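These protein sequences, in sequence, are chains U and H. Residue 3 is where the first sequence starts when you use the working numbering, and the numbers rise one by one after that. Residue 3 is where the second sequence starts when you use the working numbering, and the numbers rise one by one after that. Worksheet: one structure, shown below.
There are 2 protein chains.
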Amino acid sequence: MFEAAELGRKLDKKTYKNRINSLRAELLQAQFALANSNRPVIILVGGADNSSKGELVNKLNEWLDTRGLEVHAFGQKTDEESERPRFWRYWRCLPAKGRIGIFSSSWYTGTIYQRAFGTISKSKFDRHMRRINSLETMLVKDGALILKFWLHMSKSHQKAQFKALEKDPDSRWIVSPLDKKLHKNYDDHIKAAERAIRLTDNATAPWLIIEAEDEAYRDMTVGETVLAALQQASSKATTKEEITSLAIKEPSAEQKSILNELNLDQALSKPDYEAQLQRLQKKLTRLSWEAYHQKVTTVLVFEGWDASGKGGAIRRIMQAVDARISRVISIAAPTDEERAHHYLWRFWRHIPKAGKVIIYDRSWYGRVLVERVEGFANDDEWRRAYLEINDFEEQLCDHGLNLQKFWLHIDKDEQLDRFNERQEIEYKQHKITDEDWRNRERWDDYVGAVNDMVVKTSTDYAPWTLVPANDKKSARIKVLQTVCDSLEQALERRKKENKG
Amino acid sequence: MFEAAELGRKLDKKTYKNRINSLRAELLQAQFALANSNRPVIILVGGADNSSKGELVNKLNEWLDTRGLEVHAFGQKTDEESERPRFWRYWRCLPAKGRIGIFSSSWYTGTIYQRAFGTISKSKFDRHMRRINSLETMLVKDGALILKFWLHMSKSHQKAQFKALEKDPDSRWIVSPLDKKLHKNYDDHIKAAERAIRLTDNATAPWLIIEAEDEAYRDMTVGETVLAALQQASSKATTKEEITSLAIKEPSAEQKSILNELNLDQALSKPDYEAQLQRLQKKLTRLSWEAYHQKVTTVLVFEGWDASGKGGAIRRIMQAVDARISRVISIAAPTDEERAHHYLWRFWRHIPKAGKVIIYDRSWYGRVLVERVEGFANDDEWRRAYLEINDFEEQLCDHGLNLQKFWLHIDKDEQLDRFNERQEIEYKQHKITDEDWRNRERWDDYVGAVNDMVVKTSTDYAPWTLVPANDKKSARIKVLQTVCDSLEQALERRKKENKG
Numbered sequence: 003m004f005e006a007a008e009l010g011r012k013l014d015k016k017t018y019k020n021r022i023n024s025l026r027a028e029l030l031q032a033q034f035a036l037a038n039s040n041r042p043v044i045i046l047v048g049g050a051d052n053s054s055k056g057e058l059v060n061k062l063n064e065w066l067d068t069r070g071l072e073v074h075a076f077g078q079k080t081d082e083e084s085e086r087p088r089f090w091r092y093w094r095c096l097p098a099k100g101r102i103g104i105f106s107s108s109w110y111t112g113t114i115y116q117r118a119f120g121t122i123s124k125s126k127f128d129r130h131m132r133r134i135n136s137l138e139t140m141l142v143k144d145g146a147l148i149l150k151f152w153l154h155m156s157k158s159h160q161k162a163q164f165k166a167l168e169k170d171p172d173s174r175w176i177v178s179p180l181d182k183k184l185h186k187n188y189d190d191h192i193k194a195a196e197r198a199i200r201l202t203d204n205a206t207a208p209w210l211i212i213e214a215e216d217e218a219y220r221d222m223t224v225g226e227t228v229l230a231a232l233q234q235a236s237s238k239a240t241t242k243e244e245i246t247s248l249a250i251k252e253p254s255a256e257q258k259s260i261l262n263e264l265n266l267d268q269a270l271s272k273p274d275y276e277a278q279l280q281r282l283q284k285k286l287t288r289l290s291w292e293a294y295h296q297k298v299t300t301v302l303v304f305e306g307w308d309a310s311g312k313g314g315a316i317r318r319i320m321q322a323v324d325a326r327i328s329r330v331i332s333i334a335a336p337t338d339e340e341r342a343h344h345y346l347w348r349f350w351r352h353i354p355k356a357g358k359v360i361i362y363d364r365s366w367y368g369r370v371l372v373e374r375v376e377g378f379a380n381d382d383e384w385r386r387a388y389l390e391i392n393d394f395e396e397q398l399c400d401h402g403l404n405l406q407k408f409w410l411h412i413d414k415d416e417q418l419d420r421f422n423e424r425q426e427i428e429y430k431q432h433k434i435t436d437e438d439w440r441n442r443e444r445w446d447d448y449v450g451a452v453n454d455m456v457v458k459t460s461t462d463y464a465p466w467t468l469v470p471a472n473d474k475k476s477a478r479i480k481v482l483q484t485v486c487d488s489l490e491q492a493l494e495r496r497k498k499e500n501k502g
Numbered sequence: 003m004f005e006a007a008e009l010g011r012k013l014d015k016k017t018y019k020n021r022i023n024s025l026r027a028e029l030l031q032a033q034f035a036l037a038n039s040n041r042p043v044i045i046l047v048g049g050a051d052n053s054s055k056g057e058l059v060n061k062l063n064e065w066l067d068t069r070g071l072e073v074h075a076f077g078q079k080t081d082e083e084s085e086r087p088r089f090w091r092y093w094r095c096l097p098a099k100g101r102i103g104i105f106s107s108s109w110y111t112g113t114i115y116q117r118a119f120g121t122i123s124k125s126k127f128d129r130h131m132r133r134i135n136s137l138e139t140m141l142v143k144d145g146a147l148i149l150k151f152w153l154h155m156s157k158s159h160q161k162a163q164f165k166a167l168e169k170d171p172d173s174r175w176i177v178s179p180l181d182k183k184l185h186k187n188y189d190d191h192i193k194a195a196e197r198a199i200r201l202t203d204n205a206t207a208p209w210l211i212i213e214a215e216d217e218a219y220r221d222m223t224v225g226e227t228v229l230a231a232l233q234q235a236s237s238k239a240t241t242k243e244e245i246t247s248l249a250i251k252e253p254s255a256e257q258k259s260i261l262n263e264l265n266l267d268q269a270l271s272k273p274d275y276e277a278q279l280q281r282l283q284k285k286l287t288r289l290s291w292e293a294y295h296q297k298v299t300t301v302l303v304f305e306g307w308d309a310s311g312k313g314g315a316i317r318r319i320m321q322a323v324d325a326r327i328s329r330v331i332s333i334a335a336p337t338d339e340e341r342a343h344h345y346l347w348r349f350w351r352h353i354p355k356a357g358k359v360i361i362y363d364r365s366w367y368g369r370v371l372v373e374r375v376e377g378f379a380n381d382d383e384w385r386r387a388y389l390e391i392n393d394f395e396e397q398l399c400d401h402g403l404n405l406q407k408f409w410l411h412i413d414k415d416e417q418l419d420r421f422n423e424r425q426e427i428e429y430k431q432h433k434i435t436d437e438d439w440r441n442r443e444r445w446d447d448y449v450g451a452v453n454d455m456v457v458k459t460s461t462d463y464a465p466w467t468l469v470p471a472n473d474k475k476s477a478r479i480k481v482l483q484t485v486c487d488s489l490e491q492a493l494e495r496r497k498k499e500n501k502g
């Protein structure tokens, strides 16, 4: 989920300086317009420990008019608070219509901590998130504008910052025992946050994930996003209507995407490739039979550019897995019967019995890729598909399936070379169609769609693996390695369950 | 929740006979129209054991064209099913567009049983319901029409039927061991069903609770409701749009309501009243102090007709509870500050600290009573208020509060007598205003609003008590008795918690 917030976004000083004064003026103007509207504004600022939440809140406090603003933080419950139901402390701090409330910790914070430390169960956690959904929906329907920012920093950056803080005698006091404990549990904390965001990222109050390592970028992005939202909120004639198109507003024209940042300069010598291929295929044969006997089902999803080498990668897997316990499903246009059902029905149909290896050559992700880009699915349909797909995959994984998803990435030049080669070599001509050339024209649209797909559907239970595939050999090895690793882990989990 | 389905609704033979042939013809016509539309129709038939689900399903099967129809039931999982995720068995049975699927057991059934037998936790149960909500929402957004019927029979009727079945050697074989087990757990079963219905009763796929004791009424009501829904579904130009006004269609003009069925012929002699009053007030004094020390908070909500005696009943309670540990909150028009927040904010504000007795003279139910009837809240606002209120009250009760709600009911004549009396007696004149007379004109609208309120917000954790109040003395005793009983139970629960 946070992959797209680790691309090293920065804002140069000049751009910042050129914009900052006008931004501040516009923010104040928008805030005054808001005061006359009928909407309260709630700004939640979340993030892992030490992710500069405090700095951002201070900045907003500096930029906005504090007379129409309240800042709240929630720590340990007071006596007054613990004598009342859980949400009482938040209700008392909700801003009135026309005012802005900034929550530097919120109804999410405590529950995410509890999950990170393992003191509440997944079910209880989910129940709390359901309650949050009810609360936020209720407020939005009543006219509130809710902006939920999550400040993200990579683990390595966090670590470096933390160490620096602890070393410096002038800042060491900032680090509390809770911070230390949190930092130790960084991975669990991020995992809990991911789940919280996924369960509460809805159209009425979406999460906005901000890459937070560069201060200028962070502040300016949040500032621009708040500005755009305030302007939209106060300009609406019907005050009670929902604001549906809340999105991050980038402060500069440069748009980063996960795919474009992927390093495609991978290469593997032929002897190295042969050696690794043999080793991994042998391993996969062994693991797939073991999985069959242990009834661990594996589902592998392959998506990628035309001519990115999906077929070749799939063949290398099938060479290792016995045909009796595996199957490749190629997804083409749906049949009549399939078209007469919900688009997920055709995938539910093919769910394998326990123990098999099923490979999807293209998949349900068509909904948010080709159907989105070509307009076969309307806006509403592909937007809600992310949640639907996450829910579908969670059900598979809850049942114990091992689900791995691969995007094979090549650049535009490489694709052109491969297209041309296919047209020249007779036995490859069937592999290239007019449609491939048409898809190529929509390259940038697909980049955006893939970016959203990876951000919104990379979950702890079903992650995406982005495979640099300009070099076919290294791509195949990366896929095989990932499949073997995931199978080993799945078998390990099954062993534990059988014991437990 | 099921109060409104225990009013003894019946349909006479003549009305049934006059309508049945045309109904069947219209149903078939509607089914053909549906086949050309783009909608699948899903009809779920739920109900406690032995609530005649089977008979109803057979009747629908007889009335509709079976070529466009599938009937499904789900018992123990097959081998095939248990090797796949839980919902796989339902997905494979979903009807295609233009077809009707009748589910005589469904994605609800197993989970409700499990909860009734205590084999899954509340959190897991809730999680399953959340998943059902996702599934149903997904299908409805894709164009499906979902009708969820719950057939209700009173406990006593169920019991009699069950005994008769068991006695008769010709029918004894119908009763399975599971049925016997279920019947023993009737109350738990109903409680689990109530929770399931409450958590999944949403605008996109609402529950339709049918009083099922009279066969003719049951079949005709379901038939008319299905017909109206099919007609609406196939007449829509935009097939993907949600159908929002699904409601039960009564087969005859006569409309029953909870209030009108209430027996108002209660009377208590003065000496009896005095004796009971003294006994109950003494008891309440003792219980309220004990609750104070045990930190058990009590919230009593009073709603009722103008001049129904709320004030008098409240005074009898306050005479018994020390002023230092109690408070009466009279709800009038909201203040400016309150108006600038969500309507529930003013009630969250006043949530008492632990141990007190708080009495609301009118309450948050104004939203679905006066605000609904007078149009102060729009349709959307009061309709969603039921869920919001249930959620609010659940949070109070999860925190350990004892919440009791009273509706004081008098009939129209009694109200007129009291109004006249108030106008004649000088020291009572301040109690009667023009508004009271205006409200009286909307009597029937209020009856409908009260009926909906009780059905939709009577929960296992916060039940409504309907108090027949034509006789003031017996009304006061009933209120005091209910308060004492609830306090005793709440203290009992607290004792267990402290031990546990």
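The beta carbon of each residue, even a glycine, is placed where N, CA and C say it ideally should be. Quick caveat, the model's predicted, so the values are computed rather than measured.
Query: Residue from U/370, U/293, U/383 and U/409 with nearest C-alpha to residue 363 of chain U; Result: U/409
Query: Three-way DSSP call (helix, strand, coil) for residue 328 of chain H in this model; Result: strand
Query: 8 Å contact criterion, which residue 46 of chain U and residue 150 of chain U should meet: CB distance rounded; Result: 5 Å
Query: Check whether residue 332 of chain H and residue 320 of chain H have beta carbons under 8 Å apart; Result: no
Query: C-alpha distance - residue 16 of chain H paired with residue 160 of chain H, whole-angstrom precision; Result: 27 Å
Query: Spatial neighbours of residue 128 of chain U in its chain, beta-carbon cut-off 7 Å, leaving aside the 5 residues before and after; Result: 201
Query: Among U/83, U/274, U/372 and U/441, nearest to residue 480 of chain U - alpha-carbon criterion; Result: U/274
Query: N-terminal and C-terminal residue of the alpha helix (DSSP H) that residue 394 of chain U is part of; Result: 381-400
Query: Terminal residues of the beta strand (DSSP E) in which residue 49 of chain U lies; Result: 43-49
Query: Residues that DSSP places opposite residue 300 of chain H in a beta bridge; Result: H/359 and H/404
Query: Exposure label - residue 310 of chain H; buried when at least 16 CB within 10 Å; Result: buried
Query: CA nearest to the CA of residue 501 of chain U, picked from U/367, U/296 and U/87; Result: U/296
Query: Residue 218 of chain H vs residue 367 of chain H beta-carbon contact at 8 Å; Result: no
Query: Contact with chain H by residue 511 of chain U, beta-carbon distance below 8 Å; Result: Lying outside 3 to 502, the shown extent of chain U, residue 511 of chain U is not represented and no answer is given.
Query: Residue 409 of chain H - partner residues in DSSP beta bridges; Result: H/305 and H/468
Query: Three CB pairs or more closer than 8 Å across the region 417-435 of chain H and the region 481-488 of chain U; Result: no
Query: Alpha-carbon to alpha-carbon, residue 403 of chain U and residue 185 of chain U; Result: 31 Å
Query: Inter-residue spacing [alpha-carbon to alpha-carbon] between residue 453 of chain U and residue 413 of chain U; Result: 15 Å
Query: Whole-angstrom C-beta distance between residue 25 of chain U and residue 226 of chain U, which should lie under 8 Å; Result: 7 Å
Query: Rounded straight-line distance, which links the Cα of residue 265 of chain H to that of residue 205 of chain U; Result: 49 Å
Query: Burial state of residue 358 of chain U (16 or more Cβ within 10 Å); Result: buried
Query: Touch test, the region 374-385 of chain H against the region 97-108 of chain U, Cβ-Cβ under 8 Å, three pairs minimum; Result: no
Query: Simplified DSSP assignment, three categories, for residue 151 of chain U; Result: strand
Query: Neighbour flag for residue 343 of chain U against chain H, beta carbons, 8 Å; Result: yes
Query: Residue range of the unbroken beta strand (DSSP E) whose run includes residue 71 of chain U; Result: 71-74
Query: Residue nearest to residue 75 of chain H in terms of C-alpha spacing, selected from H/228, H/59 and H/286; Result: H/59
Query: Whether residue 342 of chain H touches residue 146 of chain U by CB criterion (8 Å); Result: no
Query: Spatial distance of residue 53 of chain U from residue 155 of chain U (CA atoms); Result: 6 Å
Query: Residue 105 of chain U - containing beta strand (DSSP E), residue span; Result: 102-105
Query: Cut-off 8 Å between Cβ atoms - residues of its own chain near residue 338 of chain H, not counting five sequence neighbours on either side; Result: none
Query: Helix, strand or coil at residue 479 of chain H according to DSSP, with G and I counted as helix; Result: helix
Query: Other residues of its chain near residue 431 of chain U: CB distance less than 8 Å, five sequence neighbours each side excluded; Result: 424 and 425
Query: Closer than 8 Å to chain H by CB, residue 114 of chain U; Result: no
Query: Residues that residue 288 of chain H contacts on chain U, provided the C-beta gap is smaller than 8 Å; Result: The contacting residues do not exist; residue 288 of chain H stays about 23 Å from chain U at best.
Query: Beta carbon of residue 344 of chain H nearer than 8 Å to that of residue 144 of chain U; Result: yes
Query: Exposure of residue 499 of chain H, with buried meaning 16 or more beta-carbon neighbours within 10 Å; Result: exposed
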